[in-house]
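Engineer:
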Amino acid sequence: MKDKLIIFDTTLRDGEQSPGASMTLDEKVRIAKALERMRVDVIEAGFPIASQGDFEAVQAVARTIKDSRICGLARAIDKDIDRAGEALKDAVAPRIHTFIATSPIHMEMKLRMSPDQVLDQAVAAVKRARQYTDDVEFSPEDAGRSDLDFLCRILEAVIDAGATTLNIPDTVGYNIPTQFGDLIHNLIERVPNSDKAIFSVHCHNDLGLAVANSLSAVHHGARQVECTINGLGERAGNAALEEIVMAIKTRQDIFECDVDLDTTQIMPCSRMVSSITGFKVQPNKAIVGANAFAHESGIHQDGVLKSRETYEIMRAEDVGWSANRMVLGKHSGRNAFRTRLKELGAEFASEEELNDAFGRFKDLADKKHEIFDDDLQALVTQTKISLENERYKLISLNVCSEMGETPNSSVTVSIDGQEQNASATGGGAVDASFKAIEEIVKSQTELQLYAVNNITSGTDSQGEVTVRLEKEGRIVNGQGADTDIVIASAKAYINGLNKIMRSEEKAHPQV
Ligand code: KIV
Ligand code: ZN
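The letter at position 13 of the sequence shown is residue 146 when you use the numbering used here, and the numbering goes up by one with no holes.
Okay, here's the thing in C-alpha cells:
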C-alpha cells in the first residue's frame, strides 16, 4: 500500500491573489464544484477576514461542497481565526490554515517581532483555531528563507499546540529542488514530534521551480502539496495542480505515494478557471496547453501512429482532452445542450438562465458551424455575466473601418437602465470603441492589458478578449467573447468596468 498524497488546491485563495483574478461568489462556487468533481482533497476557499465578499464566498463554498475538505486562511491573529471559524461553521469537513512569517527578514522588517514573540503567537493561534475544528494547518511563512533551528523549534511547539498539518512555504520562490528536498528531510528528521503531523509544501514559481521543488519535497516525505489550477497564483504563480498530479501518476515507479483524483476532470477545470479569470493558458504549457499532446513533426507523428508510447508518456484522454470534440451544432436541441453542459460541470441556477444560454447557443450555431466544449465554456461565462444585475450594459456598437481612413465607432451603453450614445475615432476599431465607451461612462480607469485569444481554430472562431483595468490600486480582468472581436472587446471592457465598480477593499493576507 502506498501513502496517499493529499492534494490541496488554493486556486480560490492564492490563485485569486494574482492581479485581476478576483472572482465573484458564484464563480468561486462553480470552481469549487469542479474541484470537488475532480476529488481534490482540500479546497482553500479564501481568506475570510479580507472582506465581507470573501467571507460570504468561503461560507457559500463551505455550505455547498460535501466531498472535499474546506479550508479558510487566517493570519495568526484572533480576529482572523474567529472569522475563518465562523465562515467554515457549516462545512462538513472544515480546516483552519493559520500562518506567521518566520524568516529573519520578514520577522524584522514586516512583523517587527522577535523569534520568541513569533513562536508564542503561532502557538496561541493554533490553540485558538483548535477551538473551532480539530483540523488545523500551520504555515511558517517564508520557510524557504528561515533558520532551520528556529523552524524546528516553532514546528515542534505548534504540533504540541494541536496543529495537524505543517505546511512549509517557499513564499518567494527562492529555493532549488535539492535544497528544498533537504529542508523537508531535515525537518521531518529533527522535529521530535514530526510523526504527529502531515508535512505539506507550498511553492511559488518565481524561478520556474515550483513543481520541481514540490516533487522534491514529496520525494523526501511531504504528504500534502498545495497547488493551483493552471499554476495561477501570486506573481509567477504556484505549483500547477495538473503537473503535480500527472507527474505522480506517470512516475509511480519513483514516488512512494499516489493521488486519488479523477484526472479526466483536469481539462474541464483548467478551461473553467481560464475562462473565469481571463488568465489564458500558454500553448506549450504542460498537460493543459493546446500543444501539450499535439505532434508537429512528421517523424513524431509517424512514431505515434505506430505506437503512441514512442513519444507520449501520458494519454490525452486521461486528462480530459478527448472531451474537446465537436459536440453540438445548429440542429442540436435543448436536451443535448443541457446534457453536455452538465458533463462539463456547468449548472444553471434557473430555467431562465438555461433559456438565455440556449438562445446564445443558437445564435452562435448560426454563425459557427461546429461548437466545441471551449465555446460552451465561454458561453456559460457570458450568460452568467449578462444575467448579473450590472450597472453598465452594451446595447449596440457600430464601427466603420476602412483602409486608409480613421476608424470610427458609435456605441450605445445603458447605465442603470438609461441608454446613452457616443462616437469616437481611434487608431483602430477597438481603440475607437473603447474611447466611445469611455466618453459615456467616464470611468477614468487605466487599461493595463488587452489580449485576444481565439477560443477554437478557424476564422469563424469566437474571439475571447481579456482587458485588465486599474483604478485607485484596484485591478480587475474583464472578459468578452464573440465571433466579432470588436464586439468581444467592447463586452470585455464593459465587464471590466462593472467589476471595478463593485470591487471592494480587501485585506491582503501577506502584506
Ligand atoms: O506563499 C505563502 O507563504 C502563502 C502562505 C499564506 C501559506 O501563501
Ligand atoms: Zn502563497
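Positions of the beta carbon are idealized from the N, C-alpha and C atoms, including for glycine. Just so we're clear, the structure is a prediction, and the values are computed from it rather than from any experiment.
1) Figure out for me which residue from Lys575, Asp615 and Glu571 has the closest Cα to the Cα of Thr592.
2) Less than 8 Å between the CB atoms is what I'm expecting for Ser349 and Phe313, so what's the real figure, rounded?
3) For my contact list, Asp268 and Arg202 are in at a C-beta cut-off of 8 Å; report their separation, rounded to the angstrom.
4) Can you list, in chain order, the residues of its chain whose CB lies under 8 Å from that of Arg263, leaving out five sequence neighbours each side?
5) Just to confirm, are Lys639 and Ala183 a CB contact at a threshold of 8 Å?
6) Reducing DSSP to helix, strand and coil, say where Pro248 ends up.
7) What first and last residue would you give for the alpha helix (DSSP H) that runs through Leu320?
8) If I'm right that Thr589 touches Thr558 with Cβ under 8 Å, what's the distance once you round it to whole angstroms?
9) Quick one, which of Glu160, Val563 and Glu605 has its alpha-carbon nearest Gly510's?
10) Could you work out which residue in Ala165, His352 and Ala234 is closest to Gly277 when comparing CA atoms only?
11) By a C-beta neighbour count over all protein chains shown, 10 Å radius and 16 as the cutoff for buried, is Ser403 buried or exposed?
12) Output the boundary residues of the beta strand (DSSP E) element that contains Leu602.
13) Could you tell me whether any Cβ in chain B is nearer than 8 Å to the Cβ of Thr298?
14) By DSSP's criteria, Gln77 is part of a beta bridge. Which residues make up the other side?
15) If we call anything under 8 Å between Cβ atoms a contact, is Gly148 one with Leu365?
16) Using a 10 Å radius around the Cβ and a threshold of 16 neighbouring Cβ atoms, would you call Ala456 buried or exposed?
17) Which of the three DSSP states, helix, strand or coil, is assigned to Leu520?
18) Quick check: Val452 and Met405, are their CB atoms within less than 8 Å of each other?
19) Report buried or exposed for Leu342, applying the criterion of at least 16 other Cβ atoms within 10 angstroms of its Cβ.
20) Excluding five sequence neighbours on each side, which residues of the same chain lie with their C-beta closer than 6 Å to the C-beta of Asn300?
21) Taking all protein chains shown into account, do 16 or more other C-beta atoms lie within 10 angstroms of the C-beta of Gln250, making it buried, or fewer, making it exposed?
22) Give the range of the alpha helix (DSSP H) segment to which Ile493 is assigned.
23) Does any heavy atom of the ligand ZN sit closer than 7 Å to the C-beta of His335?
24) Have a look at Glu552, Glu189 and Ala178 and flag the residue whose alpha-carbon is nearest the alpha-carbon of Cys204.
25) Can we count Pro642 as close to the ligand KIV, meaning its CB is less than 7 Å from some heavy atom?
26) Do three or more CB pairs link the region 609–626 to the region 548–568 at distances below 8 Å?
27) Looking at the unbroken alpha helix (DSSP H) that takes in Ile229, where does it start and where does it end?
28) Determine the extent of the beta strand (DSSP E) in which Thr298 is found, giving its start and end residues.
29) On the premise that Asn610 lies in contact with Gly411, defined as a C-beta separation below 8 Å, what is that separation, rounded to the nearest angstrom?
30) Alpha helix (DSSP H) containing Tyr626: first to last residue?
31) With a threshold of 16 other CB atoms inside 10 Å of the CB of His81, please say whether the residue is buried or exposed.
32) From Ile633 to Val378, what distance separates their C-alpha atoms?
33) Helix, strand or coil: which one does DSSP assign to Asn468?
34) Can you check which of these residues, Ala479, Arg356, Glu219 and Thr297, is closest to Val256 by C-alpha distance?
35) The beta strand (DSSP E) with Glu177 in it runs from where to where?
Structural biologist: This is what the structure gives:
1) Locating residue 592 in the sequence shown gives position 459, counting from the first residue. Minimum Cα distance to Thr592 is reached at Asp615.
2) Here residue 349 refers to the residue found at position 216 of the sequence shown. Here residue 313 refers to the residue found at position 180 of the sequence shown. Cβ atoms of Ser349 and Phe313 come within 8 Å of each other, at about 5 Å.
3) By 1-based counting over the sequence shown, the position of residue 268 is 135. By 1-based counting over the sequence shown, the position of residue 202 is 69. Cβ-Cβ separation between Asp268 and Arg202: approximately 7 Å, consistent with a contact (criterion under 8 Å).
4) Residue 263 sits at position 130 when you count from the first residue of the sequence shown. Around Arg263: Val269, Ala294 and Gly295.
5) As a working mapping, residue 639 is identified with position 506 in the sequence shown. As a working mapping, residue 183 is identified with position 50 in the sequence shown. Contact flag set, yes.
6) In the sequence shown, counting from the first residue as 1, residue 248 sits at position 115. Of the three classes helix, strand and coil, the one that applies to Pro248 here is helix, per DSSP.
7) Numbered from its first residue, the sequence shown carries residue 320 at position 187. Segment Pro310 to Arg323, the alpha helix (DSSP H) holding Leu320.
8) On the sequence shown, residue 589 is found 456 positions in, with the first residue counted as 1. On the sequence shown, residue 558 is found 425 positions in, with the first residue counted as 1. Actually they are not in contact, since the Cβ atoms of Thr589 and Thr558 sit about 33 Å apart, beyond 8 Å.
9) The residue given as residue 510 occupies position 377 in the sequence shown. Contrary to the premise, residue 510 reads as Gln rather than Gly in this sequence. If we check each option's Cα against that of Gln510, Glu160 comes out closest.
10) If you number the sequence shown from 1, residue 277 lands on position 144. Among Ala165, His352 and Ala234, the Cα nearest to that of Gly277 is on Ala234.
11) To locate residue 403, count along the sequence shown from 1; it is residue 270. Flag for Ser403 reads buried.
12) Within the sequence shown, numbered from 1, the residue matching residue 602 stands at position 469. Segment Gly596 to Lys604, the beta strand (DSSP E) holding Leu602.
13) Here chain B cannot be found, since the structure has a single protein chain.
14) This structure leaves residue 77 out entirely; the chain is present only between 134 and 644.
15) Locating residue 148 in the sequence shown gives position 15, counting from the first residue. Locating residue 365 in the sequence shown gives position 232, counting from the first residue. Yes, the Cβ-Cβ distance between Gly148 and Leu365 is below 8 Å.
16) If you number the sequence shown from 1, residue 456 lands on position 323. Reliability of the predicted coordinates at Ala456 is poor, the pLDDT of 47 falling under 50, and the value obtained from them is presented with this limitation in mind. It counts as buried.
17) Counting from one through the sequence shown, the residue named residue 520 turns up at place 387. Note: Leu520 maps to helix in three-state DSSP.
18) Indexing the sequence shown from 1 puts residue 452 at position 319. Indexing the sequence shown from 1 puts residue 405 at position 272. With contacts defined by Cβ atoms closer than 8 Å, Val452 and Met405 do not form a contacting pair.
19) The residue you call residue 342 lines up with position 209 of the sequence shown. Leu342 should be labelled buried.
20) Position 167 of the sequence shown, counted from the first residue, corresponds to residue 300. For Asn300, where only same-chain residues beyond five positions count, the Cβ hits under 6 Å are Glu270, Ser272, Ser333 and His335.
21) In the sequence shown, the residue the question calls residue 250 occupies position 117. When all chains shown are included, Gln250 counts as exposed.
22) To locate residue 493, count along the sequence shown from 1; it is residue 360. What sits at residue 493 in the sequence shown is Arg, not Ile. That run of the alpha helix (DSSP H) goes Glu484 to Lys500.
23) Reading the sequence shown from its first residue, position 202 is the one you call residue 335. At least one heavy atom of the ligand ZN is nearer than 7 Å to the Cβ of His335, so yes.
24) As a first step, residue 204 must be located in the sequence shown, where it is residue number 71. It is Ala178.
25) Within the sequence shown, residue 642 is the residue found at index 509, counting from 1. Pro642: yes, Cβ under 7 Å from the ligand KIV.
26) Under the 8 Å Cβ criterion, the region 609–626 counts as touching the region 548–568, having at least three qualifying pairs.
27) As a first step, residue 229 is located in the sequence shown; it is residue number 96 there, counting from the start. Per DSSP, Ile229 belongs to no alpha helix (DSSP H); it is in the beta strand (DSSP E), Pro227 to Ala234.
28) In the sequence shown, the residue the question calls residue 298 occupies position 165. Bounds of the beta strand (DSSP E) holding Thr298 are Thr298 to Asp303.
29) By 1-based counting over the sequence shown, the position of residue 411 is 278. By 1-based counting over the sequence shown, the position of residue 610 is 477. Gly411 to Asn610, Cβ: 4 Å. Contact.
30) On the sequence shown, residue 626 is found 493 positions in, with the first residue counted as 1. Here the alpha helix (DSSP H) through Tyr626 covers Ile618 to Arg635.
31) In the structure as shown, the chain starts at 134 and stops at 644, and residue 81 therefore has no counterpart that could be examined.
32) By one-based count along the sequence shown, residue 633 stands at place 500. By one-based count along the sequence shown, residue 378 stands at place 245. Spanning the two alpha carbons is a distance of roughly 35 Å.
33) In the sequence shown, residue 468 corresponds to position 335, counting from 1. Helix, per DSSP.
34) On the sequence shown, position 123 is the one that residue 256 refers to. Ranking the options by Cα distance to Val256, first place goes to Thr297.
35) For the purposes of this step, residue 177 is identified with residue 44 of the sequence shown, where counting begins at 1. Unbroken beta strand (DSSP E) run through Glu177: Val175 to Gly179.
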